[in-house]
């Protein structure tokens, strides 16, 4: 991988709200309200700790966070987890950081007793690479909810058994 060694941390720190905001905004993919939602998960984790149900992994290179993912157990299920966010800064995209984040989160989820991971994304064409990313890593399309996010913008749900 070019761009230096990438390491991971699973602790959430006070400054991570702005780090998550910056990483998420850097992609150009997300609406402002989506960015705010990503930040709210960090705030919830900081306020409640593990009781929040939100887990984070941060990918760091050269002393800065270059990606993150967040995931957690799905309420009222025995062993299902949601992958809420997996985001890599624009300048580190295509270097394997997203794959490593996904693999590490799958390992953590399995260690927490998770058996199934669900990921949802948009059907908009800008998300074609996102859907291809999950498909290439063993996630199967489980559902399509037409017009979920808006007219012509379906929610596409993927699942992987771990």
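Residue numbers (our numbering): 0 to 161. Beta carbons: idealized from backbone N, C-alpha and C, even for Gly.
Under a Cβ-count criterion, where at least 16 other Cβ atoms within 10 Å of its own Cβ denotes burial, should residue i be classed as buried or exposed?
i           : result
residue 30  : exposed
residue 105 : buried
residue 111 : exposed
residue 1   : Bear in mind that a pLDDT of 44 at residue 1, under 50, signals an unreliable position, so the number given afterwards is only what the model happens to contain. Per the 10 Å Cβ criterion, exposed.
residue 139 : exposed
residue 90  : exposed
Rounded C-beta distance between residue i and residue j? I'm assuming under 8 Å.
i           : j           : result
residue 148 : residue 121 : 6 Å
residue 113 : residue 161 : 6 Å
residue 67  : residue 58  : 7 Å
residue 88  : residue 65  : 5 Å
Do residue j and residue i come within 8 Å of each other at the CB atom, strictly closer than that value?
i           : j           : result
residue 45  : residue 19  : no
residue 28  : residue 103 : no
residue 171 : residue 85  : Not covered by the structure: residue 171. The range shown for the chain is 0 to 161.
residue 123 : residue 152 : yes
residue 54  : residue 107 : yes
residue 4   : residue 60  : yes
residue 101 : residue 136 : yes
Which stretch, first to last residue, makes up the alpha helix (DSSP H) that contains residue i?
i           : result
residue 142 : Residue 142 -> not in any alpha helix (DSSP H); beta strand (DSSP E) instead, spanning 139-149.
residue 42  : 31-47
residue 127 : 127-135
residue 109 : 96-110
For the beta strand (DSSP E) that contains residue i, what are its first and last residues?
i           : result
residue 153 : 152-160
residue 120 : 115-121
residue 20  : Counting along the chain, residue 20 falls outside any beta strand (DSSP E), though it belongs to the alpha helix (DSSP H) covering 15-25.
Smallest Cα separation from residue i: which of the options?
i          : options           : result
residue 92 : 9, 14, 25 and 138 : 25
residue 48 : 82, 77, 13 and 62 : 13
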